[in-house]
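Residue numbers (this note's numbering): 3 to 267. Positions of the beta carbon are idealized from the N, C-alpha and C atoms, including for glycine. In this text, all values refer to a predicted model and were calculated from it rather than measured experimentally.
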Amino acid sequence: MKILTVTRKQDLLEHRLAIEELFFNSFGQRAIGSVWEWAYLDNPNGEPVVSLCYDVDRLVGHYAIVPMPLSSGNVRKQSYISMTTMVAESHRKFGLFTQLAQENYRIAAEGGADFVFGFPNSQSTPGFRKRLDWTLPESDYVATVDKATLLAAAKAGSFDKTELLSLELNDPLIRAWRLSRPGATYTFDHGIAFKRHQDAVDLLWWENSEDFISLPDDASFNVLVSASSGLEPNRLFDYQFGGIGLRSSFDAAAINREMAISDLF
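Below, the structure is given as structure tokens:
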């Protein structure tokens, strides 16, 4: 078997068909399509780091991170989000997942990456914790609240971002990219990014929670919150957050929980 790590968007295109085939075999759908292009190719924050394993000419393993820098005031971290982890069923239980990730992190650290974060699903979480030594705090969750509850939680400080690391959507280039994710129509107004999702509004990002007053009065709101938010009665589903330090430490408590730092919303 051969392991290689791709660190240039142009070079990644050479592996696209192989990645699509592994994606189909892993998740039951072939088209990685426009979201893949958005995350890996259109991303203005830098180059992805994609570690691949080939068994002869068949791709059997894929571990990737894409740049998503987080900042707070004058502090800016060269951070990456982990996404699209895949190992062919025929090559599982042989440590390939761990080998690919460790090689990926080594090269990313050499390139200046501070830390990697992500949202592993319930099947992946044990591997990230035991094999990759990720820090995985008590699970975050998405809560659905009405506007009155949202404003009350904001007044109590639940959405205070002061001194927390966040995606910098005040940067027009980053904002234009993040809000161009295929599959949804996004709104950016009064320093708040959101999108309609079925009968509710997904609250992606905000500069100041005091501006929540400008949000629609007739909507309910889906918001990503940490386990300590106090919105447990409004819990919709778990959404585990975690990460690992490379050139600097990873501190989950220093990062604002917001949908904008996920590739899902």
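Anticipated Cβ contact below 8 Å, residue i with residue j, distance rounded
i	j	result
Met85	Gly114	Contact doesn't hold; Cβ gap of about 20 Å is too wide.
Ser141	Gln242	5 Å
Ala254	Pro122	So it is not a contact: roughly 13 Å between Cβ atoms.
Ile246	Phe239	The pair is not a contact, with the Cβ atoms about 24 Å apart (cut-off 8 Å).
Asp148	Ser222	5 Å
Val89	Ala66	Actually they do not touch by this definition, with Cβ atoms about 13 Å apart.
Assigned exposure category for residue i - 16 Cβ within 10 Å defines buried
i	result
His199	exposed
Leu266	exposed
Gly63	buried
Phe29	exposed
Pro174	exposed
Asn224	buried
Ala154	exposed
Asn236	buried
Arg259	buried
Phe26	exposed
Ala145	buried
Leu171	buried
Element boundaries [alpha helix (DSSP H), containing residue i]
i	result
Ser28	Arg18 to Phe29
Arg108	Leu98 to Glu112
Phe130	Thr127 to Lys132
Leu14	Lys11 to Leu14
Extent of the continuous beta strand (DSSP E) to which residue i belongs
i	result
Phe117	Phe117 to Gly120
Ile215	Run containing Ile215: none; DSSP gives neither H nor E here.
Ile5	Lys4 to Val8
heavy atom of the ligand HEM below 7 Å from residue i C-beta
i	result
Thr100	Ligands in the displayed structure: none, and consequently the ligand HEM is not present.
Continuous beta strand (DSSP E) assignments of at least 3 residues falling wholly in the region 220-252:
You should have 222-227, 237-241 and 244-247.
Complete runs of the beta strand (DSSP E) confined to the region 146-208 [at least 3 residues]:
Scanning the region 146-208 for uninterrupted beta strand (DSSP E) segments of 3 residues or longer gives 188-191, 194-199 and 202-208, listed from N- to C-terminal end.
Flag this pair as touching only if the region 116-133 and the region 206-218 have three or more C-beta atom pairs under 8 Å; answer yes or no.
No, the region 116-133 is not in contact with the region 206-218.
Could you pull out every unbroken alpha helix (DSSP H) segment of at least 4 residues lying fully inside the region 30-106, listed in chain order?
As far as the region 30-106 is concerned, its whole alpha helix (DSSP H) runs of at least 4 residues are 35-38.
Does the count of Cβ pairs from the region 200-211 and the region 98-109 closer than 8 Å reach three?
Because the criterion of three Cβ pairs below 8 Å is not met, the region 200-211 and the region 98-109 do not touch.
Do the region 224-234 and the region 176-189 touch if we need at least three Cβ pairs shorter than 8 Å?
Between the region 224-234 and the region 176-189, the count of C-beta pairs closer than 8 Å stays below three; the two stretches do not touch.
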